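Number of protein chains: 2
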Amino acid sequence: MSDIVIAGIGQTEVGEHWEISLRELGVDALHAAVKDSGGLRPQALFVGNMLAPSLSRQAHVGALIADYAGYVGIEAVTVEAAGASGGAALHQAYLAIASGLVDVALVLGVEKFTDKIGPDVDEALASASDSDYEAMQGLTTTAQAALIMRRYMHEFDVPADGFAGFPLVAHANGAGNPYAMFQKAIKPETYAKAEFVSEPLNMFDVAPNADGAAALLLTRPDLLPKDFGHPLVRIAASTVSSDTLALHDRPDPLAFSAAHISVERALQKAGLTLDAIDFFEYHDAFSIYSALSLEAAGFAPRGAGWKLAADGSIGLQGRIPAATLGGLKARGNPGGASGIYQAVEAALQLRGEAGKNQLPAARTALIQSLGGPASTAAAHILSRLEG
Amino acid sequence: MSDIVIAGIGQTEVGEHWEISLRELGVDALHAAVKDSGGLRPQALFVGNMLAPSLSRQAHVGALIADYAGYVGIEAVTVEAAGASGGAALHQAYLAIASGLVDVALVLGVEKFTDKIGPDVDEALASASDSDYEAMQGLTTTAQAALIMRRYMHEFDVPADGFAGFPLVAHANGAGNPYAMFQKAIKPETYAKAEFVSEPLNMFDVAPNADGAAALLLTRPDLLPKDFGHPLVRIAASTVSSDTLALHDRPDPLAFSAAHISVERALQKAGLTLDAIDFFEYHDAFSIYSALSLEAAGFAPRGAGWKLAADGSIGLQGRIPAATLGGLKARGNPGGASGIYQAVEAALQLRGEAGKNQLPAARTALIQSLGGPASTAAAHILSRLEG
Chain A
27 MSDIVIAGIG QTEVGEHWEI SLRELGVDAL HAAVKDSGGL RPQALFVGNM
77 LAPSLSRQAH VGALIADYAG YVGIEAVTVE AAGASGGAAL HQAYLAIASG
127 LVDVALVLGV EKFTDKIGPD VDEALASASD SDYEAMQGLT TTAQAALIMR
177 RYMHEFDVPA DGFAGFPLVA HANGAGNPYA MFQKAIKPET YAKAEFVSEP
227 LNMFDVAPNA DGAAALLLTR PDLLPKDFGH PLVRIAASTV SSDTLALHDR
277 PDPLAFSAAH ISVERALQKA GLTLDAIDFF EYHDAFSIYS ALSLEAAGFA
327 PRGAGWKLAA DGSIGLQGRI PAATLGGLKA RGNPGGASGI YQAVEAALQL
377 RGEAGKNQLP AARTALIQSL GGPASTAAAH ILSRLEG
Chain B
27 MSDIVIAGIG QTEVGEHWEI SLRELGVDAL HAAVKDSGGL RPQALFVGNM
77 LAPSLSRQAH VGALIADYAG YVGIEAVTVE AAGASGGAAL HQAYLAIASG
127 LVDVALVLGV EKFTDKIGPD VDEALASASD SDYEAMQGLT TTAQAALIMR
177 RYMHEFDVPA DGFAGFPLVA HANGAGNPYA MFQKAIKPET YAKAEFVSEP
227 LNMFDVAPNA DGAAALLLTR PDLLPKDFGH PLVRIAASTV SSDTLALHDR
277 PDPLAFSAAH ISVERALQKA GLTLDAIDFF EYHDAFSIYS ALSLEAAGFA
327 PRGAGWKLAA DGSIGLQGRI PAATLGGLKA RGNPGGASGI YQAVEAALQL
377 RGEAGKNQLP AARTALIQSL GGPASTAAAH ILSRLEG
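Those sequence lines, one after another, are chains A and B.
If you want the working numbering, it's the position in the first sequence, counting the first as 1, plus 26.
If you want the working numbering, it's the position in the second sequence, counting the first as 1, plus 26.
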């Protein structure tokens with residue numbers, strides 16, 4: 027199989043875009059990615075989106091955005107896997123290029139929380155959980171994360187400020203990202219004094235829902251001109267795994283097993299071990315997700331993921347830098363678009379274009395995009411294509 | 027590229043299943059397809075579904091159903107392209123097998139109209155159109171089809187009963203399909219006396235929304251035992267194309283251009299001309315869609331598609347049999363599942379298992395799955411694998 031590369035990236039600022047429609051956000055990111063690629067013409071569009079059918083009463087987003095972007099007629103579909111919609115859409119595009127049937131594919135992650143036509147946001151988000159057995163009983167995504175965090179703290183004797191490092195690192199890194207929703211570092215005492223959202227989660231343990239769109243252009247390197255304008259990012263592996271939606275039906279609610287499987291398979295396919303990973307873009311929708319993701323990937327043993335935040339390991343100068351441009355917490359969490367933002371940010375690091383947050387020797391990245399508490403997990407390994 | 031075959035098919039009866047949940051419907055169809063394949067173990071699941079996030083407040087259907095079917099851990103996503111979700115999901119599974127990265131893939135189409143948690147059905151269905159410029163103004167999918175039909179009748183001088191042949195053939199064929207919602211032929215005078223739903227569409231011009239699930243198991247023939255139990259159906263081509271959602275923005279509202287492009291590309295990829303097609307499973311959500319699909323595929327010139335219904339050409343003994351097991355009209359229209367029902371029915375014909383409706387020499391089928399008025403069009407060419 028030929029290499030598959032990211033030859034174009036684009037993103038919009040993350041925030042509350044009351045004045046910009048879903049389609050406009052999407053088209054802006056797509057056009058930025060196409061421009062970045064030097065104007066390659068796509069044959070297919072894979073849209074990662076979770077909430078448009080409920081919040082915006084707009085299904086059929088693939089065809090809608092293909093048309094508005096000026097690509098009427100191309101193959102276009104929406105890929106949905108809750109919060110992992112972005113990672114899952116990237117995976118479909120990867121399969122399309124790998125099949126040899128598509129030469130140039132666009133991947134778009136787009137989400138618009140400020141559309142208020144449908145149900146309220148908590149109700150729409152809860153559709154990522156088991157509707158009949160969880161959401162129907164009133165369990166929100168945030169309350170579910172709080173239950174997991176409480177159990178984790180009990181099981182592993184984690185102190186009250188044990189998770190503080192996750193938002194502290196995220197906000198410190200967000201300060202270096204001009205596209206981030208929050209571009210300001212926070213202090214430990216700010217975290218300590220923050221109000222609870224759903225105890226033990228305080229407001230800094232929860233990534234903010236936000237509007238945004240990010241896009242990638244995928245192709246094969248042999249289709250590009252020799253004097254291509256910027257370094258290419260190779261997709262060394264792309265995997266998706268699933269887990270039981272209903273938390274009470276899992277043998278172990280403190281193990282993100284789909285996350286574990288997806289990373290293990292990705293490393294295997296890339297022919298790498300975890301030592302080769304220079305940084306980790308995890309899905310920090312909640313601080314507890316970050317801890318469990320670090321454990322699932324193998325960066326920390328069970329029950330010790332939180333220590334990597336507490337001891338500085340995930341900082342830009344740490345052993346395994348994470349959320350290097352702010353993560354979901356500081357960049358913002360635009361639902362199904364988050365997985366594509368992660369890929370854009372990893373690509374910036376690998377291209378050496380991450381500005382103030384540039385990692386000195388970033389060669390290989392691991393990305394983990396999650397839907398619910400890792401009910402779906404997409405893993406991607408990206409590396410700088412030398413040569 | 028190796029051949030890609032349908033090695034297993036499954037379906038549930040189409041109807042109003044108030045007592046069966048979305049997940050149960052889906053699992054029943056999946057298990058039937060796996061059993062039909064002799065028990066092959068899937069690595070991936072592609073779910074075509076349109077309405078669960080709105081009507082059932084259940085997103086994340088891929089992971090949900092993978093788990094309930096007993097395949098926790100496998101790759102699972104939902105693919106959405108409105109009414110073409112089934113055809114689009116089949117296309118993703120085809121790409122996955124073609125990539126060489128997946129050996130055995132399940133495709134499920136599932137839809138549950140009788141879940142009444144979210145908005146009403148008309149509002150949910152209208153999300154397939156342009157929400158900002160069409161649905162928001164009160165235009166339903168049915169009203170939109172009525173506008174297209176009125177224009178078509180005016181433009182091409184079609185008599186009031188010009189479309190009668192479409193439902194007459196569908197209901198005649200539904201009588202031979204034990205899974206169909208309506209298994210009874212209707213008479214011309216029944217059509218003539220039927221009440222209007224949205225003039226000029228009468229109730230027989232509109233396929234009934236219904237619950238249902240249908241599934242396919244895809245793999246490569248070299249992975250199957252030599253003594254495999256039934257004939258294999260080869261996917262000779264799989265394409266998806268898109269068109270402008272907003273009807274008023276199309277240069278010609280009476281041309282299903284995405285349908286045309288998808289069929290043209292499919293024939294090209296299969297190395298066939300239209301003469302090779304033995305029967306056509308079209309997307310007869312509305313009689314007018316059938317006429318325009320016949321024209322888009324090339325079976326009739328512009329403005330003459332309706333005549334193939336009037337002159338008997340689409341009957342089982344006709345020149346180009348269509349809706350051979352009842353179509354969306356008589357089998358029922360389970361939204362995103364319709365495209366998979368079409369594939370199951372075409373496979374039954376090609377395997378010689380279509381019972382009373384068996385076509386004598388069915389070797390090659392064309393399937394067209396549409397989202398909205400062909401805003402998305404998926405085309406598949408299936409053929410009986412000889413040898």
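Even for Gly, the Cβ is constructed at its ideal location relative to N, Cα and C.
Note that the structure is a prediction, hence the values are computed from the model and not measured.
Non-local C-beta neighbours of A:Glu221 in its own chain, meaning closer than 7 Å and more than five positions away in sequence, comprise Asn228 and Met229, ordered along the chain. For A:Ser268, a Cβ of chain B is located within less than 8 Å of the residue's own Cβ. Closest by C-alpha distance to B:Ala400, out of B:Trp44, B:Ser111, B:Thr245 and B:Ser157, is B:Ser111.
Close CB contacts of A:Leu51 within its chain, under the 8 Å cut and outside five residues either way in sequence, are with Thr38, His43, Val136, Lys138, Asp237, Gly238 and Ala239 (chain order).
For B:Ile366, there is no enclosing beta strand (DSSP E); the residue is found in the alpha helix (DSSP H) stretching over Ser364 to Arg377. When A:Ser319, A:Phe72, A:Asp231 and A:Asn383 are compared, the shortest CA-CA separation from A:Gln343 is found for A:Asn383. Taking a 10 Å sphere around the C-beta of A:Glu225, we find fewer than 16 other C-beta atoms and assign the residue as exposed. The shortest C-alpha to C-alpha distance from A:Ala263 to any of A:Gly34, A:Leu354, A:Ala388 and A:His117 is the one to A:His117.
In this structure, the straight-line span from the alpha carbon of B:Ile143 to that of B:Ala154 is close to 19 Å. For A:Gln294, there are no C-beta contacts with chain B under 8 Å, since the nearest C-beta of that chain is about 12 Å from it. Taking a cut-off of 8 Å for Cβ pairs, the stretch 76 to 95 of chain B and the stretch 62 to 81 of chain A touch, as three or more such pairs fall below it. Counted as a single uninterrupted DSSP element, the stretch harbouring A:Thr168 is not any beta strand (DSSP E) but the alpha helix (DSSP H) occupying residues Thr167 to Phe182. The beta carbon of A:Glu45 does not come within 8 Å of any beta carbon belonging to chain B, so the residue lies off that interface. Rounded to the nearest angstrom, the gap between the Cα atoms of A:Ile261 and A:Ala348 is 19 Å. Per DSSP, the continuous alpha helix (DSSP H) segment holding A:Gln118 begins and ends at Ser111 to Ala124. Beta-carbon to beta-carbon, B:Ile407 and B:Ala285 are separated by about 14 Å, too far to satisfy the 8 Å threshold. Around the beta carbon of B:Thr402, 16 or more other beta carbons sit within 10 angstroms, so the residue counts as buried. Chain A has no Cβ within less than 8 Å of the Cβ of B:Ala335. Taken atom to atom, the span from the alpha-carbon of A:Val130 to that of B:Gly331 is near 35 Å. Scanning A:Pro68, A:Asn235 and A:Tyr315 for the CA closest to the CA of A:Arg177 turns up A:Tyr315. Each residue's CA atom was taken as its position, placing B:Gly34 and B:Ile393 some 18 Å apart. By the Cβ test, the stretch 319 to 327 of chain B is not in contact with the stretch 355 to 371 of chain B, since fewer than three Cβ pairs between them sit closer than 8 Å.
Against chain A, the beta carbon of B:Ala161 has neighbours under 7 Å at Arg83, listed in chain order. The distance from the Cβ of A:Val184 to that of A:Ile340 is about 16 Å, inconsistent with a contact at the 8 Å cut-off. The closest CA to that of B:Ala95, considering only B:Ser63, B:Leu56 and B:Ala241, is found on B:Leu56. Take the alpha-carbon of B:Ala241 and the one of A:Ser47: they are about 36 Å apart.
The CB of A:Thr104 comes closer than 8 Å to the CB of Val105, Glu106 and Ala107 in chain B, given here in chain order. At a cut-off of 8 Å between beta carbons, A:Val98 contacts chain B.
Restricted to the stretch 237 to 319 of chain B, the beta strand (DSSP E) segments that are unbroken, complete and at least 3 residues in length are 238 to 245, 259 to 268 and 305 to 307, listed in chain order.
When the beta-carbon positions are compared, A:Gly109 and A:Gly398 come within less than 8 Å of each other.
Proximity of B:His197 to chain A, defined by a Cβ-Cβ separation below 8 Å, is not satisfied.
One alpha carbon belongs to B:Leu273, the other to B:Pro279, and they sit about 6 Å apart. Cβ proximity to chain A below 8 Å picks out Ala124, Ser125, Gly126, Leu127 and Val128 from the stretch 124 to 140 of chain B.
Shortest Cα-Cα distance from B:Ala336 to any of B:Leu121, B:Tyr159, B:Leu134 and B:Ala186 involves B:Ala186.
In this structure, B:Val105 sits near A:Val105, with a CB-CB distance shorter than 8 Å. Annotation for B:Asp248: Ser28 place their beta carbon closer than 7 Å to its own, counting only its chain and skipping 5 residues before and after.
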